[in-house]
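**Q** In my numbering, the protein residues as written are 62 to 598. Here you go, one structure.
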Amino acid sequence: MLFAKPDAHHVGQTVPALKALAPLFGASSFHGMATGNLAHVGSDGLTEEERQLQKSYWTENSQEATVEAMMLDSMASVIDLQERPEVMGMLGVVEEKRIMELGAGIGRFTGALAATAKSVLAVDFMEHLIAENRRTNAQRKNVQWQVGDATELVLEPACCDVVFSNWLLMYLSDKEVAKLASDALRWVADDGIVFFRESCFRQSGDKKRKSNPTHYRNPREYFAIFDNVEVEVADGGFAHYELISCRCVDTYVQLKQNQNQVCWKWRKVVTKARRVPDFRHFLDGKQYSMTGILRYERIFGSGFVSTGGLETTKDFVSQLGLQAGQRVLDVGCGIGGGDFYMASEYGVYVHGIDLSVNMVLIALERAAAVPGGSKVSFEIADCTTSEARPESYDAVYSRDTILHIQDKPALFARLFKLLKPGGKLLISDYCRSETEPSEQFASYIQQRGYNLCSVPAYGQILRDAGFTDVKAEDRTWQFEKSLRRELEQAKADKATFVKDFSQEDYDAIVNGWQDKLVRVADGEQRWGLFIGTKPPA
Numbered sequence: 062m063l064f065a066k067p068d069a070h071h072v073g074q075t076v077p078a079l080k081a082l083a084p085l086f087g088a089s090s091f092h093g094m095a096t097g098n099l100a101h102v103g104s105d106g107l108t109e110e111e112r113q114l115q116k117s118y119w120t121e122n123s124q125e126a127t128v129e130a131m132m133l134d135s136m137a138s139v140i141d142l143q144e145r146p147e148v149m150g151m152l153g154v155v156e157e158k159r160i161m162e163l164g165a166g167i168g169r170f171t172g173a174l175a176a177t178a179k180s181v182l183a184v185d186f187m188e189h190l191i192a193e194n195r196r197t198n199a200q201r202k203n204v205q206w207q208v209g210d211a212t213e214l215v216l217e218p219a220c221c222d223v224v225f226s227n228w229l230l231m232y233l234s235d236k237e238v239a240k241l242a243s244d245a246l247r248w249v250a251d252d253g254i255v256f257f258r259e260s261c262f263r264q265s266g267d268k269k270r271k272s273n274p275t276h277y278r279n280p281r282e283y284f285a286i287f288d289n290v291e292v293e294v295a296d297g298g299f300a301h302y303e304l305i306s307c308r309c310v311d312t313y314v315q316l317k318q319n320q321n322q323v324c325w326k327w328r329k330v331v332t333k334a335r336r337v338p339d340f341r342h343f344l345d346g347k348q349y350s351m352t353g354i355l356r357y358e359r360i361f362g363s364g365f366v367s368t369g370g371l372e373t374t375k376d377f378v379s380q381l382g383l384q385a386g387q388r389v390l391d392v393g394c395g396i397g398g399g400d401f402y403m404a405s406e407y408g409v410y411v412h413g414i415d416l417s418v419n420m421v422l423i424a425l426e427r428a429a430a431v432p433g434g435s436k437v438s439f440e441i442a443d444c445t446t447s448e449a450r451p452e453s454y455d456a457v458y459s460r461d462t463i464l465h466i467q468d469k470p471a472l473f474a475r476l477f478k479l480l481k482p483g484g485k486l487l488i489s490d491y492c493r494s495e496t497e498p499s500e501q502f503a504s505y506i507q508q509r510g511y512n513l514c515s516v517p518a519y520g521q522i523l524r525d526a527g528f529t530d531v532k533a534e535d536r537t538w539q540f541e542k543s544l545r546r547e548l549e550q551a552k553a554d555k556a557t558f559v560k561d562f563s564q565e566d567y568d569a570i571v572n573g574w575q576d577k578l579v580r581v582a583d584g585e586q587r588w589g590l591f592i593g594t595k596p597p598a
């Protein structure tokens, strides 16, 4: 894995206005902030012309310094009431934390941050916006305000616990985003949080604009930057970002069928040695590489990366008894085919979660291309630790994913809590026979990092978690049927498949499917369907 070369840490002179912040962030935290001519930036930033264009853009669109002006949307007041607490919920607890808020604007989030934080420094490069922020939050004694450019801040390492921004990076150049990512990694203390929210793909607000210099990046571009930042820290260690979550802002999904609003939450991790890939990177680099995903999709059908594609999806989803308006959690959502199907066919809201960045980014790209939008949101996170309110969902759905989870009892106990009383859970998953696996099958399981149970044992895990009316069905016959159909389709499509991918990719699919059929015939690899209900209150 490649990492960005750390920038030299520059120490400047203390700006007088920042001296007053010593009681909030510590006497030695601030060594300077470039202020004055906001059009001037370093060689790695926007040109003077581009920065003036940004300033003109915000001068034009924020003269009234209102929520409507900040959000550039006629529905701003309605959206703000719902999305502000939602975004704060994604950020999580900030009680007694030192917070650096960049691009603070009129203070939509400043007051909410300051309500429990130890201190907040609100920074924005538009003087009249900071003035409105100061007026609105004047009663907050733990807030300080500063007019300045976030890309020119020079601060001491570990001077804050949280760096928070809302709609900032999309107004910076790629090089400025990379520099700010490195800077923020130094500014936050060990285990500190860097949180940002951006508009992706295209404009979300409906306000007409004479010009629009905003960078509506594909989320891939932010991952390419933040996943590849590593900086040296004291005592010869190294700091990098660990992803906690990346998810759509559900308010926009609900009100506008728009998945373009995306939040990232990263944790600063310090290690003695250089960074090594974690399980998320392993998945995206190996089994779920972009090529791996797309060749799976070619076999399973458009939008699907699980056994049987749309055919088994229709069969299984029909057993959930979904009703319009219900909420469904899809654990291991893949590239979203099942989620789009449930949303369009049953009128439900679906939240898909997957640990693979590649999977979810494909799903987001597909969602952005859906005419009229869809009530489907996505999240990149570990389903065993992701944050969600208890009793949030009417149904939990998962297809051939939980084989990756080592502690299944803990996961199902967690999913049980997320379901509303009377809610249903439906899982399909790879399983094993009740006898000990052969050396060859055991090697396959280990190489993939799977944790496979027998069908009866799987069903008992659900009962132990509290589910009732549990059905644990051995569907290996259906698995075999799907494998044979998919293998025949792959062989019939060989010429096109090899042209679009490679002979090596074709061989990997054909050999993989043939190996599965051998394990099925030997009775070692099984496939189960599991349904359970959370008892009514």
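Idealized CB from N, CA, C, for every residue including glycine. Nothing here was measured: the structure is a model prediction, and the numbers come from that model.
Please determine, among Thr537, Val571, Gln586, the residue with the shortest C-alpha to C-alpha distance to Glu547.
**A** On the sequence shown, position 486 is the one that residue 547 refers to. Nearest C-alpha to Glu547: Val571.
**Q** Which runs of the beta strand (DSSP E), 3 residues or longer, sit entirely within the stretch 270-317?
**A** Within the stretch 270-317, the complete beta strand (DSSP E) runs of at least 3 residues are 291-293, 299-309.
**Q** Is it the case that the stretch 349-366 contacts the stretch 390-409, given that we only count it when at least three CB pairs across the two stretches are under 8 angstroms?
**A** yes
**Q** For Asp583 and Gly589, what's the separation of their Cα atoms in angstroms?
**A** Indexing the sequence shown from 1 puts residue 583 at position 522. Indexing the sequence shown from 1 puts residue 589 at position 528. Near 16 angstroms, if we compare the C-alpha coordinates of Gly589 and Asp583.
**Q** Are there 16 or more other CB atoms within 10 angstroms of the CB of Val337, so buried, or fewer, so exposed?
**A** As a position in the sequence shown, residue 337 is number 276, starting the count at 1. It counts as exposed.
**Q** Distance, Cα to Cα, Ala137 vs Ala130?
**A** The residue you call residue 137 lines up with position 76 of the sequence shown. The residue you call residue 130 lines up with position 69 of the sequence shown. If you draw a straight line from the Cα of Ala137 to the Cα of Ala130, it is about 8 angstroms long.
**Q** Let's test the definition: count the other Cβ atoms within 10 Å of the Cβ of Gln322 and tell me whether it reaches 16, buried, or not, exposed.
**A** Here the question's residue 322 lines up with position 261 in the sequence shown. Label assigned to Gln322: buried.
**Q** Cβ atoms of Ile167 and Asn194: under 9 angstroms apart, would you say?
**A** Here residue 194 refers to the residue found at position 133 when the sequence shown is read from its first residue. Here residue 167 refers to the residue found at position 106 when the sequence shown is read from its first residue. Yes, these two residues count as a Cβ contact at 9 angstroms.
**Q** Using alpha carbons as the reference points, say which of Ala178, Arg335, Gln467, Phe257 lies closest to Arg509.
**A** As a working mapping, residue 509 is identified with position 448 in the sequence shown. The shortest C-alpha separation from Arg509 is found at Gln467.
**Q** Under the assumption that Asp490 contacts Ile522 (Cβ atoms under 8 angstroms), give the Cβ distance between them as a whole number of angstroms.
**A** Mapped onto the sequence shown, residue 490 falls at position 429. Mapped onto the sequence shown, residue 522 falls at position 461. Not really, about 11 angstroms apart at Cβ, beyond 8 angstroms.
**Q** Under the three-state reduction of DSSP, which class applies to Lys268: helix, strand or coil?
**A** Your numbering for residue 268 matches position 207 in the sequence shown. Looking at Lys268 - three-state DSSP - the assignment turns out to be coil, as it is neither helix nor strand.
**Q** List the DSSP bridge partners of Ala456.
**A** On the sequence shown, residue 456 is found 395 positions in, with the first residue counted as 1. Paired residue(s): Val389, Lys485.
**Q** Just how far apart, CA to CA, sit Lys542 and Leu578?
**A** Sequence index remark: in the sequence shown, residue 542 carries index 481 (1-based). Sequence index remark: in the sequence shown, residue 578 carries index 517 (1-based). In a straight line, the C-alpha of Lys542 is about 10 angstroms away from that of Leu578.
**Q** Could you tell me whether the stretch 322-331 touches the stretch 523-531, where touching means 3 or more Cβ pairs closer than 8 angstroms?
**A** no
**Q** Could you name the residues of the same chain whose beta carbon sits closer than 7 angstroms to that of Val155, not counting the 5 residues immediately before and after it, in chain order?
**A** Here residue 155 refers to the residue found at position 94 when the sequence shown is read from its first residue. In the same chain as Val155, and ignoring 5 residues on each side of it, the C-beta atoms closer than 7 angstroms to its own belong to Leu174, Thr177, Ala178, Val223, in chain order.
**Q** From Ala211 to Asp455, what does the alpha carbon distance come to, in whole angstroms?
**A** Along the sequence shown, one-based indexing puts residue 211 at 150. Along the sequence shown, one-based indexing puts residue 455 at 394. Their backbone Cα atoms lie some 43 angstroms apart in a straight line.
**Q** So, is Trp574 buried or exposed, given that buried needs 16 or more other C-beta atoms within 10 angstroms?
**A** Walking along the sequence shown from the start, residue 574 turns up at place 513. For Trp574, the number of other beta carbons within 10 angstroms of its own is at least 16, and it is reported as buried.
**Q** Between Ala242 and Phe299, how many whole angstroms is the CB-CB distance? I'm expecting something under 8 angstroms.
**A** Counting from 1 along the sequence shown, the entry for residue 242 is found at position 181. Counting from 1 along the sequence shown, the entry for residue 299 is found at position 238. Going by Cβ atoms, the distance from Ala242 to Phe299 rounds to 15 angstroms, so no, they are not a contact pair.
**Q** Once you ignore the five residues that flank Ile592 on each side, which residues in its own chain have a CB closer than 6 angstroms to its CB?
**A** Counted from its first residue, the sequence shown places residue 592 at position 531. Same-chain partners within the cutoff: Leu487, Lys532.
**Q** Under 9 angstroms between the Cβ atoms of Gln200 and Val181?
**A** One-based indexing of the sequence shown puts residue 200 at position 139. One-based indexing of the sequence shown puts residue 181 at position 120. Not in contact: Gln200 and Val181 (Cβ atoms no closer than 9 angstroms).
**Q** How should Gln207 be labelled, buried or exposed, when 16 other C-beta atoms within 10 angstroms of its C-beta is the threshold for buried?
**A** For the purposes of this step, residue 207 is identified with residue 146 of the sequence shown, where counting begins at 1. By the 10 Å Cβ count, Gln207 comes out buried.
**Q** Is it the case that the Cβ atoms of Pro482 and Pro596 are separated by a distance below 9 angstroms?
**A** Locating residue 482 in the sequence shown gives position 421, where the first residue counts as 1. Locating residue 596 in the sequence shown gives position 535, where the first residue counts as 1. Contact flag set, yes.
**Q** Please classify Ala424 as buried or exposed, where buried requires at least 16 other C-beta atoms within 10 Å of its C-beta.
**A** Position 363 of the sequence shown holds residue 424. Burial call: buried.
**Q** So is Thr312 buried or exposed if we call it buried at 16+ other beta carbons inside 10 Å?
**A** If you number the sequence shown from 1, residue 312 lands on position 251. Per the 10 Å Cβ criterion, buried.
**Q** Rank Ala245, Met231, Ile354 by C-alpha distance to the C-alpha of Cys220 and give the top, closest one.
**A** In the sequence shown, residue 220 corresponds to position 159, counting from 1. Closest by alpha carbon: Ala245.
**Q** Would you mind working out which of Glu303, Asp568, Leu371, Thr557 sits nearest Glu291, comparing C-alpha positions?
**A** As a first step, residue 291 is located in the sequence shown; it is residue number 230 there, counting from the start. Checked all of Glu303, Asp568, Leu371, Thr557; the closest Cα to Glu291 is Glu303.
**Q** With a 10 Å radius around its C-beta and 16 neighbouring C-beta atoms as the bar for buried, classify Lys80 as buried or exposed.
**A** For the purposes of this step, residue 80 is taken as the residue at position 19 of the sequence shown. Low per-residue confidence applies at Lys80: pLDDT is 35, beneath 50, and the placement is therefore not dependable, though the value from the model is reported in the following sentence. Looking at its Cβ environment, which holds fewer than 16 other Cβ atoms inside 10 Å, Lys80 is exposed.
**Q** Run the CB neighbour count on Gly484, radius 10 Å, all protein chains shown included, and call it buried at 16 or more, exposed below.
**A** Translated into the one-based positions of the sequence shown, residue 484 becomes position 423. The residue is buried, with at least 16 neighbouring Cβ atoms inside 10 Å.
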